[in-house]
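Accompanying notes for the structure given below.
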Amino acid sequence: MTRTIHQTIAVRYDFPVIFTRDALAPQNSALAGLFPPCTPAPGGCGTSPQQGCGPHRLAAVLDDGLLASFPDLGARIEGYFRHNPVASLTAPVLAVPGGERAKADLSVFQSVLDLIFEARLCRQSYLLVIGGGAVLDAAGFAAATAHRGVRLIRMPSTALAQNDAGVGVKNAVNFFGRKNFLGCFAPPFAVLNDFALLDGLEERERRAGLAEAVKIALIKDAVFFDRLFADRHALKRLEHGPLEHSIERCAELHLEHIATGGDPFEFGSSRPLDFGHWSAHAMEEATNGALGHGEAVAIGVALDSVYSHLTGLLPADDLAHILEILPDLGFTPWHAALETLDAPTAIESFREHLGGRLFLSLLTGIGARVEVSSIDFAKMQEAVAILRERFA
Ligand SMILES: NC(=O)c1ccc[n+]([C@@H]2O[C@H](COP(=O)([O-])OP(=O)(O)OC[C@H]3O[C@@H](n4cnc5c(N)ncnc54)[C@H](O)[C@@H]3O)[C@@H](O)[C@H]2O)c1
Ligand SMILES: [Zn+2]
146 MTRTIHQTIA VRYDFPVIFT RDALAPQNSA LAGLFPPCTP APGGCGTSPQ
196 QGCGPHRLAA VLDDGLLASF PDLGARIEGY FRHNPVASLT APVLAVPGGE
246 RAKADLSVFQ SVLDLIFEAR LCRQSYLLVI GGGAVLDAAG FAAATAHRGV
296 RLIRMPSTAL AQNDAGVGVK NAVNFFGRKN FLGCFAPPFA VLNDFALLDG
346 LEERERRAGL AEAVKIALIK DAVFFDRLFA DRHALKRLEH GPLEHSIERC
396 AELHLEHIAT GGDPFEFGSS RPLDFGHWSA HAMEEATNGA LGHGEAVAIG
446 VALDSVYSHL TGLLPADDLA HILEILPDLG FTPWHAALET LDAPTAIESF
496 REHLGGRLFL SLLTGIGARV EVSSIDFAKM QEAVAILRER FA
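Going by my numbering, the first residue of the sequence shown is number 146, and it counts up by one from there.
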């Protein structure tokens, strides 16, 4: 005799994604405003045990690459919470290695766990993490797993992290030499994007976010694409106003997709946000990271756009606009790694990464896409040749 009880659980997540400047200036209330007013809970570990109610417990993690550009950041965090006593730092601010090193092994994950333990954070306490996508991923994984989850406040500090990596619901570290092998889905408590942090980045890193902006505009929002196109010369100069608008809209579209795309925790195989990414991942790997993610995505987007045209999906006019905006933004839609790209292997590894069947987004217009499950590799070679001829 078999009996099945069908269990259904719906969990709602709400979190703010805030855009501001100089978030750690004492008079900027965006960060302080995230902490709920304290309610008396004698001995509750989110509060000061002595008083029964006091400031929330907090620990902070900083990306050391970011710290190199802003050496006073640790002191600024301490000063902010002295001036705004909504939370109290219960351990010294921890600096961790930035960039892919943060995820390459478990050392940053472990040191953030040590910090959470030392600071005696509980599920009602806060971990503030300021850094690039790699530090956010590793520290976020520690926050998500310690006590099965302490409250994570992310402050993404790269353009790519502000418009993509830092606003989503995923955390991960690399393991068994495989990217993002170990991780989990865990929405943050809040995301605070401080545009002033981007001033610490080199020009190339500030530009990198524009590739994701073009990508998401192409698959989702023709109006945004038109705006990027109109602003392209100002964007190439990395002017604050247009750059910040592009980050905000790109982040907003990523957030909208996660909220309304029907699969926030990626149970299925379809990943439209990975448009142009199958070849980008392969080129990043083949060049050992010499080609940055944004630069590789710009090439991948160009390649899949040309391919979309060759298969009869994308009108020539639209393709012309795409092949115009990318170089105008300062990207080169070509790299020698494209010449040696083994497309069938790269596609298969992309499919394996997503799990299940292959789904690849192609464009049917600006802001419109379809999904396909197979690739005509001869046509893909033709697309490579077209980019070589025009941009090599
Ligand atoms: N969780 C997700 O949904 C998601 C999505 C996309 C990408 N990612 C991950 O994000 C990572 C890439 O993140 P990224 O592009 O932000 O780069 P990154 O984290 O690798 O940082 C790049 C470099 O910039 C430095 N840095 C960071 N902020 C700085 C600042 N303001 N001034 C000066 N230097 C600064 C870092 O120390 C590092 O050396 C990858 O590991 C990728 O897998 C995660
Ligand atoms: Zn990307």
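For each residue, glycine too, the CB sits at the ideal point set by N, CA and C.
In this text, all values refer to a predicted model and were calculated from it rather than measured experimentally.
**Study point:** Buried or exposed by the 16-neighbour rule on C-beta atoms within 10 Å, applied to Thr192
**Key:** One-based indexing of the sequence shown puts residue 192 at position 47. Because the pLDDT of Thr192 is 47, which lies under 50, any placement of that residue in the model is unreliable, and the number read from its coordinates should be weighed accordingly. Thr192 comes out buried.
Check your understanding: Is Thr303 near ligand 1, in the sense that its beta carbon is under 7 Å from a heavy atom of that ligand?
Key -> The residue labelled residue 303 in the question sits at position 158 within the sequence shown. For ligand 1, at least one heavy atom lies less than 7 Å from the Cβ of Thr303.
Check your understanding: For the stretch 384-397 against the stretch 478-486, are there 3 or more C-beta pairs whose distance is under 8 Å?
Key -> no
**Study point:** Coil, strand or helix - Cys395 by DSSP
**Key:** Reading the sequence shown from its first residue, position 250 is the one you call residue 395. The answer is helix: DSSP assigns Cys395 an H, G or I state.
Review point. Going by other Cβ atoms of all chains shown within 10 Å of its Cβ, with 16 needed for buried, is Gln195 buried or exposed?
Key: The residue you call residue 195 lines up with position 50 of the sequence shown. With a pLDDT of 43 at Gln195, under the threshold of 50, the modelled position of this residue cannot be trusted, and the question is left open.
Exercise for review: Tell me, please, which residues DSSP counts as bridged to Glu516.
Suggested key: As a working note, residue 516 is residue 371 in the sequence shown. Answer is Ser506, bridged to Glu516.
**Study point:** Beta carbon of Asn316 nearer than 8 Å to that of Gly278
**Key:** In the sequence shown, counting from the first residue as 1, residue 316 sits at position 171. In the sequence shown, counting from the first residue as 1, residue 278 sits at position 133. Not in contact: Asn316 and Gly278 (Cβ atoms no closer than 8 Å).
Exercise for review: For the stretch 432-447 and the stretch 340-347, state whether three or more C-beta atom pairs, one from each stretch, are separated by less than 8 Å.
Suggested key: no
**Study point:** Same chain, Cβ closer than 6 Å to Ala220, five either side skipped, listed in chain order
**Key:** Within the sequence shown, numbered from 1, the residue matching residue 220 stands at position 75. No residues qualify anywhere along the chain.
Review point. Relative to ligand 2, is the shortest distance from any of its heavy atoms to the C-beta of Val359 smaller than 7 Å?
Key: In the sequence shown, the residue the question calls residue 359 occupies position 214. Not so, every heavy atom of ligand 2 lies at least 7 Å from the Cβ.
**Study point:** Close Cβ partners of Asp209 (< 8 Å) along its chain, the five nearest in sequence each way excluded
**Key:** Numbered from 1 along the sequence shown, position 64 holds the residue referred to as residue 209. Within the same chain, Asp209 has close Cβ partners Ala240, Val241, Pro242, Gly243.
Review point. Hey, Ser256 and Arg296: beta-carbon distance below 8 Å or not?
Key: Here residue 256 is taken as the residue at index 111 of the sequence shown, counted from 1. Here residue 296 is taken as the residue at index 151 of the sequence shown, counted from 1. Contact flag unset, no.
Check your understanding: To the nearest angstrom, how far is it from the Cα of Ala289 to the Cα of Lys248?
Key -> On the sequence shown, position 144 is the one that residue 289 refers to. On the sequence shown, position 103 is the one that residue 248 refers to. Roughly 15 Å separates the two Cα atoms.
Check your understanding: For Ile511, does the three-state DSSP call read helix, strand or coil?
Key -> Start at 1 with the first residue of the sequence shown, and residue 511 comes out as number 366. Coil, per DSSP.
**Study point:** Cβ pair Tyr158, Pro332 closer than 8 Å
**Key:** Here the question's residue 158 lines up with position 13 in the sequence shown. Here the question's residue 332 lines up with position 187 in the sequence shown. In this structure, Pro332 lies closer than 8 Å to Tyr158 by Cβ.
Check your understanding: Can Val314 be considered in contact with ligand 2, in the sense that its beta carbon sits closer than 7 Å to one or more heavy atoms?
Key -> Against the sequence shown, residue 314 aligns to sequence position 169. Not so, every heavy atom of ligand 2 lies at least 7 Å from the Cβ.
Check your understanding: For ligand 4, any of its heavy atoms closer than 7 Å to the Cβ of Asp208?
Key -> Among the ligands present in this structure, namely ligand 1 and ligand 2, ligand 4 is not found.
Practice item. Please name the residue, chosen from Leu455, Glu429, Phe495, that lies closest to Val531 on a Cα-to-Cα basis. Key: Start at 1 with the first residue of the sequence shown, and residue 531 comes out as number 386. It should be pointed out that residue 531 corresponds to Ile in this sequence rather than to Val. Taking only the C-alpha atoms, the option nearest Ile531 is Leu455.
Exercise for review: Find out if the Cβ-Cβ distance for the pair Arg202, Ser252 is shorter than 8 Å.
Suggested key: By 1-based counting over the sequence shown, the position of residue 202 is 57. By 1-based counting over the sequence shown, the position of residue 252 is 107. Taking 8 Å as the Cβ cut-off, Arg202 and Ser252 do not qualify as a contacting pair.
Check your understanding: Ser233 lies in the alpha helix (DSSP H); which residues open and close that run?
Key -> What you label residue 233 is simply residue 88 of the sequence shown in a count that begins at 1. Where Ser233 is concerned, there is no enclosing alpha helix (DSSP H), although the beta strand (DSSP E) it sits in stretches over 232-234.
Review point. Given that a residue counts as buried once 16 or more other Cβ atoms are within 10 Å of its Cβ, and exposed if not, what is Asp309?
Key: Here residue 309 is taken as the residue at index 164 of the sequence shown, counted from 1. It counts as buried.
**Study point:** Nearest-angstrom Cα separation, counted from Ala155 out to Ala537
**Key:** In the sequence shown, residue 537 corresponds to position 392, counting from 1. In the sequence shown, residue 155 corresponds to position 10, counting from 1. Roughly 51 Å separates the two Cα atoms.
Point to revise | Beta-carbon separation (whole angstroms), Lys360 vs Phe420, contact threshold 8 Å | key: Mapped onto the sequence shown, residue 360 falls at position 215. Mapped onto the sequence shown, residue 420 falls at position 275. Rounded, the Cβ-Cβ distance is 5 Å, consistent with contact.
Check your understanding: For Gly178, which residues of its own chain have a beta-carbon under 6 Å away from its beta-carbon, when the five flanking residues on both sides are left out?
Key -> To locate residue 178, count along the sequence shown from 1; it is residue 33. Excluding residues within five positions, none has a Cβ falling inside 6 Å.
Practice item. Any chance you could list the beta strand (DSSP E) runs of at least 3 consecutive residues sitting entirely within the stretch 303-385, in chain order? Key: 315-320, 323-330, 335-339
Review point. Who are the near neighbours of His228 in its chain, counting only those whose CB is closer than 7 Å to its CB and skipping five residues on each side?
Key: In the sequence shown, counting from the first residue as 1, residue 228 sits at position 83. Closer than 7 Å at the Cβ level, and outside the excluded window around His228, lie Pro171.
Practice item. Decide if the stretch 505-517 is in contact with the stretch 459-476; the criterion is three or more beta carbon pairs, one per stretch, under 8 Å apart. Key: yes
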